[in-house]
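Colleague: Below are the C-alpha cells for one structure; questions will follow.
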Amino acid sequence: MAFLIVFDANDLDSCQEALNLHMFLKDDWTKKDIDDQPRVSFMPHVVLVANKFDKDPGNEKLHVNLRQTKFYAKEQQIDHYTVSSGDLQSVENLFQITIDNIATRTQLWQPDQQKVDETEKGTGQASTWLSGFLG
44 MAFLIVFDAN
54 DLDSCQEALN
64 LHMFLKDDWT
74 KKDIDDQPRV
84 SFMPHVVLVA
94 NKFDKDPGNE
104 KLHVNLRQTK
114 FYAKEQQIDH
124 YTVSSGDLQS
134 VENLFQITID
144 NIATRTQLWQ
154 PDQQKVDETE
164 KGTGQASTWL
174 SGFLG
C-alpha cells in the first residue's frame, strides 16, 4: 500500500494541505492495532510529490515551498519527489521507485498465511487473486 500525496509546488495552500493530509493519515494509522500488533509496523509507503515545479522556476514561493516540504519529509521519514506532468520520465521514475519500495515491505501486501489458508478452504478466491496480483 502506498499514498502519493501530490501538491502544486507553486501554491502554499496546496503544500500545507498535503502536509495536513499526511499528519491526518499518520495520526489515524497509529491509533489502531491490527491483530494485536502495533499498526505502525504496517505503515504504508508515503510520498510527498511536488508537481508543477517547472511552471515558474524563478518563483521564490516555489523554492520556499520545496524547502518546507523537503524538510517535513525528512523529519517524518517519508519520501519527497519533484515531478512535472510535462516530463513523463520523472513520473515513470516516481512510480517505479514507489513500486520497488512496496515490494520490499512485504508486511504491506503479503497476507497472513493462516487467513489465506482459511479463505482457500472456503472459496479459493484468495489464492486466485493473489496469484494474479503477484504475477
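If you want the working numbering, it's the position in the sequence shown, counting the first as 1, plus 43. Here a beta-carbon is modelled for each residue, glycine too, at the ideal position from N, C-alpha and C. The model shown is predicted, which means the values in this text are computed figures rather than measured ones.
1) Pull up the DSSP beta-bridge partners for isoleucine 140, would you.
2) Which of helix, strand or coil does DSSP assign to phenylalanine 96?
3) Of the choices Phe138, Ala116, Asp56, whose alpha-carbon is the least far from that of valine 126?
4) Contact check, alanine 116 vs histidine 123 under 8 Å by CB: the rounded distance?
5) Excluding five sequence neighbours on each side, which residues of the same chain lie with their C-beta closer than 6 Å to the C-beta of phenylalanine 50?
6) By Cβ distance, which residues of its chain are closer than 7 Å to serine 133, with the 5 residues on each side in sequence left out?
7) In three-state DSSP terms, what is aspartate 130?
8) With the cut-off set at 7 Å, would you say leucine 131 and threonine 112 are in Cβ contact?
9) Among residues of its own chain, excluding the 5 on either side of aspartate 143, which ones have a beta-carbon nearer than 6 Å to its beta-carbon?
10) Hey, lysine 98 and asparagine 53: beta-carbon distance below 7 Å or not?
11) Once DSSP output is grouped into helix, strand and coil, what is the label at aspartate 122?
Modeller: Per the coordinate set shown:
1) Its beta-bridge partners do not exist; DSSP assigns none.
2) Coil at phenylalanine 96, not helix or strand.
3) Phe138
4) 4 Å
5) Ser57, Cys58, Ala61
6) Val126, Ser127
7) Aspartate 130: coil per DSSP, three-state reduction.
8) No, the Cβ-Cβ distance between leucine 131 and threonine 112 is not below 7 Å.
9) none
10) yes
11) strand
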